[in-house]
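Here is the structure we will look at.
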Amino acid sequence: MTITEMKSRLVEEIFEWKQKRNAILLAHNYQIPEIQDIADVLGDSLALARAAADTSADVIVFCGVHFMAETAAILNQEKTVLLPDLEAGCSLADSITADQLREWKAEHPEAVVVAYVNTTAEVKALSDYCCTSSNAVDIVRSIPKDKEILFLPDMFLGNFVKRETGRENMHIWMGECHVHAGIQPHQVEGVLTEHPEAELLVHPECGCSTSSMYLMSEGVLPKDKTHILSTGHMLKHSKQSEADEFIVATEVGIIHQMQKQNPEKRFVAANPDAVCPFMKMITLEKVLDALKENKHVITVPADTAAKAKLAIERMISIG
Ligand code: 13P
Ligand code: SF4
Numbered sequence: 009m010t011i012t013e014m015k016s017r018l019v020e021e022i023f024e025w026k027q028k029r030n031a032i033l034l035a036h037n038y039q040i041p042e043i044q045d046i047a048d049v050l051g052d053s054l055a056l057a058r059a060a061a062d063t064s065a066d067v068i069v070f071c072g073v074h075f076m077a078e079t080a081a082i083l084n085q086e087k088t089v090l091l092p093d094l095e096a097g098c099s100l101a102d103s104i105t106a107d108q109l110r111e112w113k114a115e116h117p118e119a120v121v122v123a124y125v126n127t128t129a130e131v132k133a134l135s136d137y138c139c140t141s142s143n144a145v146d147i148v149r150s151i152p153k154d155k156e157i158l159f160l161p162d163m164f165l166g167n168f169v170k171r172e173t174g175r176e177n178m179h180i181w182m183g184e185c186h187v188h189a190g191i192q193p194h195q196v197e198g199v200l201t202e203h204p205e206a207e208l209l210v211h212p213e214c215g216c217s218t219s220s221m222y223l224m225s226e227g228v229l230p231k232d233k234t235h236i237l238s239t240g241h242m243l244k245h246s247k248q249s250e251a252d253e254f255i256v257a258t259e260v261g262i263i264h265q266m267q268k269q270n271p272e273k274r275f276v277a278a279n280p281d282a283v284c285p286f287m288k289m290i291t292l293e294k295v296l297d298a299l300k301e302n303k304h305v306i307t308v309p310a311d312t313a314a315k316a317k318l319a320i321e322r323m324i325s326i327g
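Counting along the sequence shown from 1, when you hit position 203 you're at 211 in my numbering, and nothing is skipped either side.
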């Protein structure tokens, strides 16, 4: 059997098992192309959380990372949520523990806690609001101006939100995602020099997002050609824009979908090494095993889930 024949056999089996188990396949925009191509819903963190909240399927196969599957499990206590590889974690979610957040809250007892969705269920349970890169600005704007805010765990997203909202009373946790932090201003500048006509799309978690905002405000980067967006908004923008070339500053997996939706446009990675090893752990073989062998079931203790659910539901309803 050729590799292509083996892959299409695997895909057929996945479809058969999906039907047998009344399962839905949710996939993040950073998944490998083979997974993106068979997903029932492909999207950014917010779109996937919304899809998980709305589904009538009995089984959710989460092709993403652990915190995303946990979020789906919190929203669907009565459904089975499967993560095809338990090792698919997230360096950003690991950058703050529940104990560290407890200590931080004790130092700021009156503060409202806004946690990026890239956090563990335990951290979410200690938070007032969750947010994603799609709606972080809207969520912070919805909190009364006189309230102190603890924003965690991503410092680049935090700085972006602080700048967009002009909020002074916002403390930011110094966490980062090693993949996005690795997308550096000098790499973006280099690619921009080679593609001066291209639009620049930057994910707010990137190491280059702060400098991009600064260069935009200084007029070095043109405002109409520089956009700081979540992965879902990047896809939407690349479809709607009249530009035919884009520099993409985020995890490179998204370029498959951009190219697929816009075959006539050109997409260039700001840093071709920006590859999330956790996102790439999910393969067709593991998805099939997950469906056949019911693995790995993601559950969250009921008391943690009940507290985290309030913060997640606030996230889903805003933006
Ligand atoms: P979004 O898909 O919400 O933009 O987040 C990117 C990310 O890092 C997911 O892990
Ligand atoms: Fe986590 Fe970064 Fe990977 Fe997203 S890209 S899952 S934030 S390690």
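Glycine included, C-beta positions come from ideal geometry on N, C-alpha and C.
Task: C-alpha gap between residue 104 and residue 127, whole angstroms - done: 8 angstroms
Open item on the list: Give me the pocket residues for ligand 2, defined as CB within less than 7 angstroms of any heavy atom, sorted by chain position.
Closed with: 38, 73, 98, 99, 100, 101, 126, 185, 186, 187, 188, 213, 259, 284, 286, 287
Open item on the list: Please identify the residue among 99, 147, 45 whose C-alpha is closest to the C-alpha of residue 322.
Closed with: 147
TODO: For residue 221, count neighbouring C-beta atoms within 10 Å of its own C-beta (all shown protein chains included) and say buried if the count is 16 or more, exposed if not.
DONE: buried
Task: residue 294 burial status per 10 Å Cβ neighbour count (16 or more: buried) - done: buried
Task: Residues of its chain near residue 242, where Cβ-Cβ distance is below 6 angstroms and the 5 sequence neighbours each way are ignored - done: 209
- [ ] Give the DSSP-derived three-state secondary structure of residue 111 in the structure shown.
- [x] helix
- [ ] Would you list the residues whose beta-carbon is nearer than 5 angstroms to any heavy atom of ligand 1, in the order they occur in the chain?
- [x] 52, 53, 140, 141, 238, 239
Open item on the list: So the candidates are 203, 132, 231, 211; which of them puts its Cα closest to the Cα of residue 167?
Closed with: 211
Open item on the list: Is residue 161 close to chain D? Criterion is C-beta to C-beta, closer than 8 angstroms.
Closed with: Any reference to chain D falls outside this structure, which holds one protein chain only.
Task: 6 angstroms Cβ shell around residue 273 - same chain, five flanking residues per side excluded - done: 252
Task: Spatial neighbours of residue 192 in its chain, beta-carbon cut-off 8 angstroms, leaving aside the 5 residues before and after - done: 215, 216, 279
Open item on the list: Relative to the C-alpha of residue 131, which candidate in 327, 326, 314, 324 has its C-alpha closest?
Closed with: 314
TODO: For residue 182, count neighbouring C-beta atoms within 10 Å of its own C-beta (all shown protein chains included) and say buried if the count is 16 or more, exposed if not.
DONE: exposed
TODO: Just tell me which of 271, 92, 24 has its CA closest to the CA of residue 35.
DONE: 92
- [ ] Could you tell me which uninterrupted beta strand (DSSP E) segments, each at least 3 residues in length, are contained entirely in the region 64-113, listed from first to last along the chain?
- [x] 67-71, 88-90
- [ ] Indicate the three-state DSSP secondary structure (helix, strand or coil) for residue 6 in the structure shown.
- [x] This structure leaves residue 6 out entirely; the chain is present only between 9 and 327.
Task: Rounded straight-line distance, which links the Cα of residue 129 to that of residue 121 - done: 14 angstroms
- [ ] Alpha carbon to alpha carbon, how far is residue 186 from residue 164? Give it in angstroms, no decimals.
- [x] 12 angstroms
Open item on the list: Tell me which residue opens and which closes the beta strand (DSSP E) that residue 198 is part of.
Closed with: Segment 193-202 is the alpha helix (DSSP H) holding residue 198; no beta strand (DSSP E) there.
TODO: Check residue 145 in the structure and name its three-state DSSP category.
DONE: helix
Open item on the list: Tell me the residue span of the alpha helix (DSSP H) that contains residue 222.
Closed with: 217-225
TODO: Report, in whole angstroms, the separation of the C-beta atoms of residue 75 and residue 101, which I expect to be a contact under 8 angstroms.
DONE: 5 angstroms
Open item on the list: Are the CB atoms of residue 326 and residue 38 within a distance shorter than 8 angstroms?
Closed with: no
TODO: For residue 274, name the three-state secondary structure that DSSP assigns.
DONE: strand
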